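In my numbering, the protein residues as written are 45 to 217. Down below is the structure, laid out as structure tokens.
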Amino acid sequence: MSHLNVDERATLLEMVDTLLATIEVAELRVQADDLARQNDLADKSDQADELLMELKRKMGGLKNDDTLIENAVKEHLAQLRVDLENLNSEHSEAMNRKNRVIEELNDSKKELKAKISSVEAKIRSESAAVVKTTNALKKAEGVLAAERKQRKALVASLKDRIKYAEHITEEYR
45 MSHLNVDERA
55 TLLEMVDTLL
65 ATIEVAELRV
75 QADDLARQND
85 LADKSDQADE
95 LLMELKRKMG
105 GLKNDDTLIE
115 NAVKEHLAQL
125 RVDLENLNSE
135 HSEAMNRKNR
145 VIEELNDSKK
155 ELKAKISSVE
165 AKIRSESAAV
175 VKTTNALKKA
185 EGVLAAERKQ
195 RKALVASLKD
205 RIKYAEHITE
215 EYR
């Protein structure tokens, strides 16, 4: 049975705190990337609207070149749609990556919590065993002390008997 001392437990808890902080930073980065993509998508959409309005204004002044302008507008709109589709695709991929990362982070959190619970249970078990062993040791020390006291009393009694026997032996000589 291995024993975790206070330093080892503190180190383990520090590692868990560091991992949880890393997980939180990763989640924030994923959210920031998502927000940046959404802002980029909104900017492209605004640019497309502005260009469309500008082209409509120019079309009003150039009635003779309606076909040319209309074709240019259609081409530009087609390119903007392609850009928008690409951004949507990138956004979708980013969301999928984000969801995978979050799922992995949640799995890691669950594993860490299970490991922490296991270590804490082991610590409790080992602490109970230490307390039990300490109590048994104290009882054994008490028994040994009582036996020592009895032996000292027996030795003292035997010494007294020997002295008495020597004394009686000398009197009869």
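Where a beta carbon is used, it is the ideal one built from N, C-alpha and C, also for glycine. All values derive from a computational prediction rather than experimental measurement.
Close beta carbons around residue i, own chain, < 6 Å, minus the five adjacent residues each side
| i | result |
| --- | --- |
| LEU202 | none |
Residue i and residue j closer than 7 Å at C-beta
| i | j | result |
| --- | --- | --- |
| ALA138 | ARG73 | no |
| ILE67 | LEU156 | no |
Same chain, Cβ closer than 8 Å to residue i, neighbours up to 5 away in sequence not counted
| i | result |
| --- | --- |
| ALA116 | LEU99 |
| ILE146 | GLU71 and VAL74 |
| SER161 | none |
Pairwise C-alpha distance: residue j and residue i
| i | j | result |
| --- | --- | --- |
| ASN132 | ILE167 | 51 Å |
| LYS207 | VAL199 | 12 Å |
| LYS176 | LEU56 | 26 Å |
| LEU63 | ALA70 | 10 Å |
| GLU210 | ARG195 | 22 Å |
| ALA29 | LYS159 | With the chain covering 45 to 217 only, the question about residue 29 has no answer from this structure. |
| ALA173 | VAL163 | 15 Å |
| ALA165 | GLU52 | 15 Å |
| ARG205 | THR213 | 12 Å |
| ALA190 | ASN179 | 17 Å |
| MET45 | ALA197 | Low confidence applies to MET45: its pLDDT is 42, below 50, so where it sits in the model is not reliable, and the reading given next is rough at best. Cα to Cα, the separation comes out at about 42 Å. |
| LEU181 | GLU215 | 51 Å |
| GLU114 | ARG144 | 44 Å |
Nearest candidate by alpha-carbon position, reference residue i, set the options
| i | options | result |
| --- | --- | --- |
| ASP84 | SER152, LEU95, HIS135 and GLN75 | HIS135 |
| GLU94 | LEU121, GLN75 and THR66 | LEU121 |
| LEU96 | GLN123, ASP78 and GLU52 | GLN123 |
| ASP77 | ASP151, ASN179, GLN194 and ASN140 | ASN140 |
| ALA65 | LEU181, GLU191 and LYS153 | LYS153 |
| VAL50 | GLU170, LYS193, LEU188 and LEU181 | GLU170 |
Close-in-space but distant-in-sequence residues of the same chain around residue i (CB under 7 Å, 5 per side omitted)
| i | result |
| --- | --- |
| VAL60 | LEU156 and ILE160 |
(message) Using a Cβ distance threshold of 8 Å, determine whether the segment 87-94 contacts the segment 120-132, with at least three qualifying pairs required.
(response) yes
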